[in-house]
Amino acid sequence: MVATALARQLTQSPQGQQDLEIVQERLKSFKQFSDNDDIALKLLLRFMSLKDAEAVVKKPLKLLTDLKEPGLSENLYYVCSILYIKHLAAKQYKRTEHYYKIIDEIQLDSIDLGWKLSRQFIQNIHLYFTDDKNRAVDQINKLSIFYNTSIWPTNRAMSRKLVATYPFPTKKLR
110 MVATALARQL
120 TQSPQGQQDL
130 EIVQERLKSF
140 KQFSDNDDIA
150 LKLLLRFMSL
160 KDAEAVVKKP
170 LKLLTDLKEP
180 GLSENLYYVC
190 SILYIKHLAA
200 KQYKRTEHYY
210 KIIDEIQLDS
220 IDLGWKLSRQ
230 FIQNIHLYFT
240 DDKNRAVDQI
250 NKLSIFYNTS
260 IWPTNRAMSR
270 KLVATYPFPT
280 KKLR
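Just so we're aligned, residue 110 is where the sequence shown starts under our numbering, counting upward by one.
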């Protein structure tokens, strides 16, 4: 609902472009992202150019020196993941590699299932475009099955079975 309202405001308002520019300038001043900033940036990315999005992320990336510290890097991880996908779609492979390296270096909470699933998804997208397409598709299909069954509380036994059947690989993709 928030994304729909934001999209309507930015596309239908006579000053929509001006509002977007004001928000972009504000986001560029941030040294790190809070949860709300992260969500705002995700919602605004579809209205921003890749150049503008990178300008927003530049300062937090520069200040983030310890990629192993979960509290510092969680929101940046998700923003960089989005930028990775956007650069991949734009066929800007040099920037894609840049963001993949950042994503790969960031270590979040090892018991955070959402992060593990997101990481697996990004790794398999990267695998698809850089190496073994068949393996990547197979792994993404397994993740899709997991996502679909883990949503419903009645399928918890099925979810546990899937996790046992398809454990997360510990090997890093390069």
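C-beta atoms are modelled at their ideal positions from N, C-alpha and C, and glycine is treated no differently.
This one's a predicted model, so the numbers in the text were calculated from it and none came from an experiment.
{"Query": "Unbroken alpha helix (DSSP H) run spanning Ser-227, endpoints", "Result": "222-239"}
{"Query": "Buried/exposed call for Ser-158, threshold 16 Cβ in 10 Å", "Result": "exposed"}
{"Query": "Backbone secondary structure at Ile-249 - three-state DSSP", "Result": "helix"}
{"Query": "CB of Tyr-193 within 7 Å of CB of Tyr-209, strictly", "Result": "yes"}
{"Query": "Span separating the alpha-carbon of Ala-245 from that of Leu-236", "Result": "6 Å"}
{"Query": "C-beta atoms of Leu-252 and Phe-230 nearer than 7 Å", "Result": "yes"}
{"Query": "Leu-154 versus Ser-227 - alpha carbon distance", "Result": "18 Å"}
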